[in-house]
Amino acid sequence: MSETSTKPYLIRALYEWCTDNGYTPYISVRVDARTQVPMEHVKDGEIVLNIGALATQGLEINNEMIAFEARFNAVARQIFVPVNSVSAIYARETGHGMMFEPTEAPAPAPEAGGLKVVDNDAEPTPDDTPPDHPPNGNRPALKRVK
């Protein structure tokens, strides 16, 4: 009998931590053929999704997948994300969260990120990938660790 991955448990725990603290949980997803997301919002093979209670309906997070309904440009869409495709979960307001190493290589394969709890107060190193900055420039970003 094989051991169950800790990844879905960590995702659920960080989701709960975000909501308990009044933060908005976001997930970063590597998009492949198994992922059902609005493709017009995919950038460089990835999409960031708000999975907070106000942004989703019927959210289900189990050991294999994350599924919910969300509105994109006022149109309701069904979202399906295999847990293996989740590359990070973090609080929008603080950027604190966790990144995951890829467990399957989607096509095209992005750079592998390490598993690390992000500390936004830490000094950046030259190896850090620059974060994507939102239009307002005020939101913290999750750093990819190589």
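Going by the working numbering, the sequence shown opens with residue 383, and the numbers climb by one from there.
For glycine and all other residues, C-beta sits at the position ideal for the given N, C-alpha and C.
Give the range of the alpha helix (DSSP H) segment to which L396 is assigned. Sequence index remark: in the sequence shown, residue 396 carries index 14 (1-based). Note, L396: alpha helix (DSSP H), 389-402.
Please report the straight-line C-alpha distance between A449 and Q460, rounded to a whole angstrom. The residue you call residue 449 lines up with position 67 of the sequence shown. The residue you call residue 460 lines up with position 78 of the sequence shown. Inter-residue distance for A449 and Q460 is about 7 Å (C-alpha atoms, whole angstroms).
Under 8 Å between C-beta atoms of R416 and P464: What you label residue 416 is simply residue 34 of the sequence shown in a count that begins at 1. What you label residue 464 is simply residue 82 of the sequence shown in a count that begins at 1. In this structure, R416 sits near P464, with a CB-CB distance shorter than 8 Å.
At least 3 beta-carbon pairs within less than 8 Å: the segment 469-476 vs the segment 418-427: no
Tell me the DSSP secondary structure of F482 in three-state form. Taking the sequence shown and counting its residues from 1, one reaches residue 482 at position 100. Here F482 sits in coil by DSSP.
Is the beta carbon of L441 sitting closer than 8 Å to the one on I433? Taking the first residue of the sequence shown as 1, we reach residue 441 at position 59. Taking the first residue of the sequence shown as 1, we reach residue 433 at position 51. Result yes, Cβ atoms of L441 and I433 sit closer than 8 Å.
Just curious, the beta strand (DSSP E) that Y408 is in, first and last residue? Numbered from 1 along the sequence shown, position 26 holds the residue referred to as residue 408. Residues 407-412.
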